[in-house]
Structure formats: C-alpha cells, structure tokens
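**Student:** Sharing a structure with you now.
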Amino acid sequence: MGTVTGPSLEAFLPELPEVEITRRHLEEAMVGRRLERVRVTHTRTARYNATTGEVESRLSGRRVDTVGRHGKFLVIGLDDGYTMVAHMGMSGRFSVAAKTDEEAPHTHFVAVLDDGAEVRFIDPRTFGFIAVFDEDELSDSALSRLGPDAWVDPPSVPILMRALNGRTAPIKALLLDQGPIAGLGNIYADEALHLAGIHPLTPGGGLDATEVAGLLLAIQKVLSEAIESGGTTLDDLAYLLPDGQAGDNLSRLGVYARTDEPCLKCGTPVERIVVRARSTHFCPRCQAL
DNA sequence: AACGATCCCTGTTGGC
DNA sequence: TGCCAACAGGGATCGT
Numbered sequence: 005m006g007t008v009t010g011p012s013l014e015a016f017l018p019e020l021p022e023v024e025i026t027r028r029h030l031e032e033a034m035v036g037r038r039l040e041r042v043r044v045t046h047t048r049t050a051r052y053n054a055t056t057g058e059v060e061s062r063l064s065g066r067r068v069d070t071v072g073r074h075g076k077f078l079v080i081g082l083d084d085g086y087t088m089v090a091h092m093g094m095s096g097r098f099s100v101a102a103k104t105d106e107e108a109p110h111t112h113f114v115a116v117l118d119d120g121a122e123v124r125f126i127d128p129r130t131f132g133f134i135a136v137f138d139e140d141e142l143s144d145s146a147l148s149r150l151g152p153d154a155w156v157d158p159p160s161v162p163i164l165m166r167a168l169n170g171r172t173a174p175i176k177a178l179l180l181d182q183g184p185i186a187g188l189g190n191i192y193a194d195e196a197l198h199l200a201g202i203h204p205l206t207p208g209g210g211l212d213a214t215e216v217a218g219l220l221l222a223i224q225k226v227l228s229e230a231i232e233s234g235g236t237t238l239d240d241l242a243y244l245l246p247d248g249q250a251g252d253n254l255s256r257l258g259v260y261a262r263t264d265e266p267c268l269k270c271g272t273p274v275e276r277i278v279v280r281a282r283s284t285h286f287c288p289r290c291q292a293l
C-alpha cells in the first residue's frame with residue numbers, strides 16, 4: 005500500500021474490499037472498548053428511525069462486542085443487544101485517530117473510546133449513514149434484504165442460478181442490486197464481468213450454469229486481489245483507508261475508468277455505456293453479447 | 001413483482 | 001482566467 009504524502013488527492017469508492025479493510029481496522033480499534041462519548045453532527049448521517057441525538061444516546065456508554073460486515077454494510081454488535089449499522093455510501097471513510105489529531109473536513113461522527121482513541125466518520129457527500137437498531141428494526145432494515153455476502157458466504161452455482169432465474173434485467177444491474185449477491189459496486193461488478201467474459205447487458209436469466217460458475221470464480225478473484233492490495237484508491241478525491249494509506253488495486257483494473265484504452269487481454273478499446281444510471285465499462289470483443 | 005427512472009450531495013472537471 | 005453545468009455513484013422511493 006502506498007502512503008500518501010503532500011497535497012496529492014486520492015480516493016476510493018467503498019465496495020466490499022474497502023469495507024472489509026475498514027472492518028479489520030475498526031475491529032482492532034473497537035472490540036472490547038467502551039464508547040465513552042459519541043457525537044453525530046450531520047442530520048443526514050443519522051438515518052431511518054433515529055435522529056442524531058438518538059444515535060448518540062443509543063451508542064454512548066456501550067461496549068463493542070463484534071465488528072462484522074455484510075456486503076457493504078458494517079455491522080457492529082453492542083453489549084446491550086443493539087446493533088450499530090454503518091454504510092460508507094460513495095464518499096465515506098472511517099478514521100481511527102488520536103484525540104489530538106486534527107479533525108478532517110466533513111467529519112460527521114466521532115466516537116471517543118475508553119482508551120482515548122477516536123473513531124471518526126468523514127463523508128463529504130453524505131450518502132453514507134450510521135444507524136443503531138434493535139432486533140426488530142434490524143430485521144426490517146435493508147440488511148435483511150441483502151443476498152449472501154460475495155466474500156465470506158458466496159452463493160453456490162445453483163443458488164445464484166435460482167436467484168437469476170427468469171430475470172430480464174441486465175446482469176450488471178442485478179450485481180449492483182445486492183439481492184442475488186451482496187458486496188459488489190460499480191468497479192468490481194465491471195471487473196468481474198470482464199474477467200468472466202460476460203457482456204454487462206446479458207439478461208441475468210440468460211446465463212447458463214457454466215457462465216454463472218465462471219462469474220462466481222471471477223468475483224472471488226477480483227475481490228481477493230483487491231483486499232490483498234489494500235483496495236482501490238482513485239486519484240480524484242481525498243479519501244483514504246483508516247490508517248491514512250491508499251490502496252494499490254487501481255493498477256489491477258482491467259476496464260473500470262479505462263474507456264477507449266486497450267483491453268489488457270485483446271487490445272480492443274474498452275467501451276463505456278450507461279446501465280441503470282451507472283457507467284459501465286467492458287471489452288466488446290472479450291464480452292460479446 | 002420486477003424493472004427503470006429519479007433523487008440525494010458536493011468536489012472536481014470540462015467547455016465556453 | 002473565470003464561471004457554471006455536467007459528472008460521479010449506493011441506495012431509497014416512486015411510477016409503470
């Protein structure tokens with residue numbers, strides 16, 4: 005992983021690998037710790053059933069038992085049975101900081117731990133959120149509608165076949181949906197489809213067992229490589245991993261953000277189309293319809 | 001039910 | 001050079 009120095013601006017879009025790396029940092033910092041004081045300073049950061057003040061009071065004084073993840077959601081178990089659920093949206097990042105560290109712009113959440121460290125949530129575009137749910141609220145939340153986690157609980161070929169059966173929507177859209185499989189965002193959906201040689205507009209129900217098996221393998225490969233290399237840090241915004249480092253996965257991308265550049269497998273220029281209002285990159289030769 | 005369009009938000013970029 | 005519209009995207013919501 006590259007350490008960022010000076011004024012260079014780097015970003016990453018938090019998808020499963022980036023959320024998993026964040027989870028590991030937060031687990032190290034938070035498990036067994038008590039949240040002494042919690043501050044939520046942006047109304048959009050507290051979402052669903054709770055105001056900023058309610059999130060603060062539900063978290064303050066609680067001890068963290070577990071830090072888990074399902075898809076792109078962080079799932080933090082508290083000692084009173086409540087669950088803190090966090091989503092980093094598109095611009096959110098967590099930072100584990102010392103009390104004396106200067107607060108970054110757009111810091112909307114600060115938890116002071118009983119060892120003096122602070123867990124901060126920084127989110128310029130406020131697409132992310134932090135919620136605290138009891139059991140009923142949790143079972144009624146978006147978490148309950150997620151498919152199996154693409155990394156720790158990947159669906160088998162028959163399970164994914166069944167989820168895609170009869171679906172006419174493009175496979176790209178279904179990968180982003182989080183229902184058939186949870187954790188892929190725009191970058192890794194494009195990368196997995198490219199690696200599997202599947203055109204993004206292929207109707208989900210039109211994939212045969214061989215193609216679904218290949219897609220699942222491709223998903224495992226792009227996710228594991230991204231996690232190992234520290235996630236994908238793009239160079240247009242200033243978002244970093246919790247320890248201030250940038251991920252190194254950018255150079256591994258085959259199609260994402262490579263419009264008109266040669267496909268690394270065959271040299272054909274990468275094409276960009278829009279699917280469900282999301283930019284979609286693919287090689288027209290390796291991924292023929 | 002499934003699908004697609006629209007909205008939220010702001011730092012950055014590209015065109016004039 | 002300066003201004004402003006366009007762009008980026010995860011998930012919620014709404015209309016068909």
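In terms of this note's numbering, the first sequence is residues 5 to 293.
The beta-carbon is built from N, C-alpha and C at its ideal position, and this holds for glycine as well.
None of the values given here were measured: they were computed from a predicted structure.
1) Where does residue 175 sit, in a helix, a strand or coil, going by DSSP?
2) Tell me which residue opens and which closes the alpha helix (DSSP H) that residue 214 is part of.
3) For residue 234, verify whether its CB is less than 7 Å away from any heavy atom of the ligand NAP.
4) Drop a sphere of 10 angstroms on the beta-carbon of residue 103, count the other beta-carbons inside from all chains shown, and report buried for 16 or more, exposed for fewer.
5) Touching or not, the segment 192 to 202 and the segment 216 to 225, by the rule of three or more beta carbon pairs under 8 Å?
6) Note down the Cα distance separating residue 68 from residue 101, rounded to an integer number of angstroms.
7) Per DSSP, what kind of secondary structure is residue 279 in: helix, strand or coil?
8) Short of 7 Å in beta carbon distance, which residues of its chain neighbour residue 302, apart from the five on each side in sequence? Order them along the chain.
9) Tell me the start and end of each unbroken beta strand (DSSP E) in the segment 104 to 168 that is at least 3 residues and wholly inside, in chain order.
10) The beta strand (DSSP E) with residue 87 in it runs from where to where?
11) Answer yes or no: do residue 1 and residue 117 have a C-beta to C-beta separation smaller than 8 Å?
12) How many whole angstroms separate the CB atoms of residue 75 and residue 200, which I take to be in contact at a CB cut-off of 8 Å?
13) Out of 290, 281, 260, 147, point me to the one whose CA is closest to residue 269's CA.
14) May I ask you to report which of helix, strand or coil DSSP gives residue 196?
15) So what does DSSP say about residue 82, is it helix, strand or coil?
16) Looking at C-beta atoms only, is the number of pairs between the segment 268 to 285 and the segment 167 to 183 that lie closer than 8 Å three or more?
17) For the beta strand (DSSP E) that residue 73 lies in, which residues bound it at each end?
18) State the start and end residues of the unbroken alpha helix (DSSP H) segment that holds residue 23.
19) Classify residue 154 as buried or exposed, calling it buried when 16 or more other Cβ atoms lie within 10 Å of its own Cβ.
20) Using C-beta distances below 8 Å, list every residue in its chain close to residue 207, excluding the 5 sequence neighbours before and after it, in chain order.
21) Please return the same chain residues whose Cβ sits closer than 7 Å to the Cβ of residue 233, not counting the five positions on each side in sequence.
22) Tell me where the alpha helix (DSSP H) around residue 59 begins and ends.
23) Hey, quick one: how far does the beta strand (DSSP E) through residue 39 stretch, first residue to last?
24) Compare the C-alpha of residue 130 against each of 31, 47, 35 and name the closest.
25) Count the other CB atoms, across all protein chains shown, that sit within 10 Å of the CB of residue 95; report buried if there are 16 or more and exposed otherwise.
26) With a threshold of 7 Å on Cβ separation, who are the neighbours of residue 83 within its own chain once the five nearest residues in sequence on each side are excluded?
27) Compare the Cα-Cα distances from residue 210 to each of 293, 183, 81, 149 and report the closest residue.
28) Assuming residue 21 contacts residue 205 (C-beta within less than 8 Å), just tell me the rounded distance between them.
29) Beta carbon of residue 19, beta carbon of residue 260: below 8 Å?
**Tutor:** Based on what the coordinates show:
1) Within the first sequence, numbered from 1, the residue matching residue 175 stands at position 171. Correct three-state label for residue 175: helix.
2) Here residue 214 corresponds to residue number 210 of the first sequence, with the count starting at 1. Here the alpha helix (DSSP H) through residue 214 covers 213 to 232.
3) For the ligand NAP, the structure offers nothing, since it holds no ligand at all.
4) As a position in the first sequence, residue 103 is number 99, starting the count at 1. The residue is exposed, with fewer than 16 neighbouring Cβ atoms inside 10 Å.
5) Contact between the segment 192 to 202 and the segment 216 to 225 is present, because at least three Cβ pairs lie under 8 Å.
6) Here residue 68 is taken as the residue at index 64 of the first sequence, counted from 1. Here residue 101 is taken as the residue at index 97 of the first sequence, counted from 1. Computed Cα separation, rounded: 17 Å.
7) The residue given as residue 279 occupies position 275 in the first sequence. In the structure shown, residue 279 sits in a strand (DSSP, three-state: E or B).
8) The structure shown does not extend to residue 302, since the chain is modelled only from 5 through 293, so no value can be given for it.
9) 111 to 117, 121 to 126, 133 to 137
10) What you label residue 87 is simply residue 83 of the first sequence in a count that begins at 1. Looking at the DSSP string, the run of the beta strand (DSSP E) that includes residue 87 is 87 to 91.
11) The chain is shown from 5 up to 293; residue 1 falls before or after that span and cannot be answered.
12) For the purposes of this step, residue 75 is identified with residue 71 of the first sequence, where counting begins at 1. For the purposes of this step, residue 200 is identified with residue 196 of the first sequence, where counting begins at 1. Wrong, their Cβ atoms sit about 20 Å apart, outside the cutoff.
13) Stepping through the first sequence from its first residue, residue 269 is reached at position 265. Residue 290 is the option with its Cα nearest to residue 269.
14) Here residue 196 is taken as the residue at index 192 of the first sequence, counted from 1. It is helical.
15) To locate residue 82, count along the first sequence from 1; it is residue 78. DSSP places residue 82 in strand when its eight states are reduced to three.
16) At 8 Å Cβ cutoff, the stretches touch.
17) In the first sequence, the residue the question calls residue 73 occupies position 69. It spans 68 to 74 - the beta strand (DSSP E) in which residue 73 sits, taken as one unbroken run.
18) For this step, residue 23 is matched to residue 19 along the first sequence. Note, residue 23: alpha helix (DSSP H), 20 to 34.
19) To locate residue 154, count along the first sequence from 1; it is residue 150. The residue in question, residue 154, is buried, as its Cβ has 16 or more Cβ neighbours within 10 Å.
20) Counting from 1 along the first sequence, the entry for residue 207 is found at position 203. Excluding residues within five positions, the ones whose Cβ falls inside 8 Å are 171, 172, 173, 174, 175.
21) Residue numbering aside, residue 233 sits at position 229 when the first sequence is read from its first letter. So the list reads 251, 252, 253, 256, once near-sequence residues are dropped.
22) Taking the first residue of the first sequence as 1, we reach residue 59 at position 55. Run containing residue 59: 56 to 63, per the alpha helix (DSSP H) assignment.
23) One-based indexing of the first sequence puts residue 39 at position 35. Unbroken beta strand (DSSP E) run through residue 39: 39 to 44.
24) Position 126 of the first sequence, counted from the start, is the residue given in the question as residue 130. For residue 130, the closest C-alpha among the options 31, 47, 35 is that of 47.
25) Sequence index remark: in the first sequence, residue 95 carries index 91 (1-based). The residue is buried, with at least 16 neighbouring Cβ atoms inside 10 Å.
26) Within the first sequence, residue 83 is the residue found at index 79, counting from 1. Once the five neighbours on either side are set aside, the close Cβ partners of residue 83 are 66, 67, 69.
27) Position 206 of the first sequence, counted from the start, is the residue given in the question as residue 210. Per the Cα distances, 293.
28) The residue you call residue 21 lines up with position 17 of the first sequence. The residue you call residue 205 lines up with position 201 of the first sequence. With 8 Å as the limit, residue 21 and residue 205 do not qualify as a contact, their Cβ atoms being about 25 Å apart.
29) By 1-based counting over the first sequence, the position of residue 19 is 15. By 1-based counting over the first sequence, the position of residue 260 is 256. Result no, Cβ atoms of residue 19 and residue 260 do not sit closer than 8 Å.
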